Structure formats: C-alpha cells, structure tokens
Amino acid sequence: MRTLVLVGLMAATLLGQGDSGGEAKKEEKHVGVAERELDEPGVKIEDPAVAREKLTQFEKAFKKEKDQFKKADLVKDLGEWVHPLIMKRAQKLARDKNRFVAIEGVFVCARQGTNPKVGKALHKLLKTEKRTDIVCALLVSMGKVGYTKGMREAEKYFRRDTKDTHLAATRYLGYIKAKSMFRKLAEKLDYPRPANANDPTNPPTAWWKERYDEWEIIVPHTQWALAQLVPGETFESVREAREWAQKHGKKHGVKW
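Just remember that this note's numbering sits 140 ahead of the position in the sequence shown, which is counted from 1.
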C-alpha cells in the first residue's frame with residue numbers, strides 16, 4: 141500500500157531548469173540556511189589590539205567590495221576569530237539589509253562559542269527579524285550555542301510547519317535536547333498522506349507531492365533531533381516512537 145501511495149504522490153512531472161547564469165550560481169552557494177552545518181568556534185584572540193587590526197582589515201575590504209556575495213564571504217571569514225569586538229561587529233552585520241551578509245553575520249556570532257551572552261544576543265535578534273532565511277540562521281545558531289531560552293519562539297516556528305523554519309526549529313530542539321518536545325517531533329516521522337484515499341474532498345496529487353517533498357527533506361533532521369533527546373535510539377515511524385515512549389519513555393525523561 142505504501143508503494144502505491146508513494147507512486148501516486150510522485151506522479152506529477154518535474155520540469156528541468158537550465159543554467160540561470162553566474163548570479164544564480166553565486167546565490168546557490170548561500171542558500172540552504174536551515175540545513176547548513178555550522179563551523180566550530182574560531183581562534184580566540186587574547187590581545188584586543190589584534191582584534192582591532194583584524195576588524196580594520198575587514199572594514200577596508202568590506203567597504204571596497206561591491207559584489208553582495210563576496211561581501212558575505214568577507215563576513216564569513218570573520219568567524220575564524222573569537223573576541224568580544226568581533227562579536228559586537230557581527231551583531232550589527234546580522235541586521236544588514238543584504239540578507240547574505242546578515243546570514244553570515246549570524247553565523248559569525250554562533251562561532252563565538254557557548255557563552256550565554258552569545259545566545260542572548262541571537263535571541264534578541266530573532267525577536268525582531270522577519271526574513272525567513274535569517275530567522276532560520278538564528279534558530280540553528282541559538283541551538284548550536286546551547287541557548288535554551290529560545291524555546292517559545294522555536295515552538296512557534298515548529299508549529300507553523302513551513303519547510304525552512306520548521307526544519308530550523310527542529311534542529312534547534314535537537315541541539316538543546318528539548319525532551320518535552322519528544323512527542324511533537326515524533327509525530328512528524330510519518331510521510332504525509334490522506335487519511336482516506338477515497339475522500340473526494342482530498343487535495344489534489346500535486347498538493348500531496350509538495351508535502352511529501354518537504355517531508356523528505358525534513359525527516360532526517362527529525363530523526364536526528366529525536367536521537368539527541370534519547371541517545372542510542374532511532375525511530376522510523378510514529379507508531380514505533382509511541383510504543384517505545386509508552387514502554388521506556390519515563391526512564392529517559394520523555395512521555396507520550
């Protein structure tokens with residue numbers, strides 16, 4: 141039965157797209173924010189004079205550069221260094237009107253380490269940010285630095301169930317080991333399908349295909365997040381997770 145449903149979901153034909161040029165290739169390098177793996181913290185600078193010199197070099201190159209993607213790459217390179225002055229500049233860059241620069245600014249903040257001040261600064265930015273890709277960067281970054289006080293916002297984006305923000309929120313929940321979210325995460329394991337395939341009010345095949353394509357991207361992250369909550373366990377379906385939780389959940393601090 142599952143095979144038949146999947147065949148039906150995949151029935152729509154995808155149209156190929158040609159090369160859209162150099163700009164599209166450059167942009168491709170900077171997309172996929174919700175799935176992006178964050179680099180480890182940079183090298184800690186002890187001498188403030190060294191940090192100021194690094195920033196002077198950055199500002200000179202950043203001001204001179206006109207290409208938005210190259211400007212973003214310059215910001216990314218700042219993450220190779222850890223210092224309060226770097227963090228202060230990165231916070232400003234994270235609010236830049238150029239979204240590629242802003243995304244890299246967020247990730248530079250995340251590379252400043254697990255200092256609670258880093259998570260607090262990212263959380264403050266999240267409360268006012270409206271751009272989806274930057275929201276994703278902020279959620280993933282808060283999770284990476286272990287900032288647990290962003291749970292309310294993360295749950296909000298998780299419940300909205302849009303592909304990118306849902307995926308980023310899922311990663312956040314995994315990073316901070318949010319055991320209270322075990323059931324809600326596990327309920328996303330099964331692929332989307334109509335409860336009754338013969339119901340004439342069902343959405344069209346194209347709608348289900350789109351939901352399936354989104355699920356296929358997100359589900360590996362859902363499984364990863366659940367593995368962070370209960371190390372050593374893997375779940376392939378809602379039923380499997382439910383039965384495990386009802387039998388073993390209490391011992392692991394999770395419930396159904």
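We put the CB at the ideal spot given by N, CA and C, even for glycine.
Owing to the predicted nature of the structure, the values given are computational and were not obtained by experimental measurement.
inquiry  = Going by DSSP, what residue range makes up the alpha helix (DSSP H) through R323?
reply    = F322 to A326
message = Once DSSP output is grouped into helix, strand and coil, what is the label at V241?
response = helix
request  = Identify, in the order they occur along the chain, each residue of the same chain with its Cβ nearer than 7 Å to the Cβ of L278, setting aside the five sequence neighbours on each side.
outcome  = V246, L262, L265, L266 and E269
ask   = In this structure, does DSSP put W396 in helix, strand or coil?
value = coil
request  = Taking A250 as the reference, give the member of T272, C276, K237 and N238 with the closest Cα.
outcome  = C276
request  = Give me the Cα-Cα distance between E220 and F375, rounded to the nearest whole angstrom.
outcome  = 37 Å
request  = Return the CA-CA distance between L369 and T310, expressed in angstroms with no decimal places.
outcome  = 12 Å
task = Apply the 10 Å Cβ neighbour rule to W347 and answer buried if 16 or more other Cβ atoms are within range, or exposed otherwise.
result = exposed
inquiry  = For K257, tell me which candidate among M227, D236 and I243 has the shortest Cα-Cα distance.
reply    = M227
task = Out of K395, E295 and D301, point me to the one whose CA is closest to I316's CA.
result = E295
query = Of the choices Q363, A234, E199 and P332, whose alpha-carbon is the least far from that of R351?
reply = P332
query = Between which two residues does the alpha helix (DSSP H) harbouring E354 extend?
reply = T345 to L369
ask   = For G283, which option in K391, G172, G253 and A191 has the closest C-alpha, if you only look at C-alpha atoms?
value = G253
request  = Could you pull the start and end residues of the alpha helix (DSSP H) that G182 belongs to?
outcome  = Counting along the chain, G182 falls outside any alpha helix (DSSP H), and DSSP gives it neither H nor E.
message = Going by the DSSP bridge assignment, what does V222 pair with across the sheet?
response = K184
key: Alpha-carbon to alpha-carbon, R192 and A242   = 21 Å
message = Among the candidates N338, E383, V248 and K324, whose CA atom is the shortest distance from the CA of A365?
response = K324
query = Once you ignore the five residues that flank K289 on each side, which residues in its own chain have a CB closer than 8 Å to its CB?
reply = G259, K260 and H263
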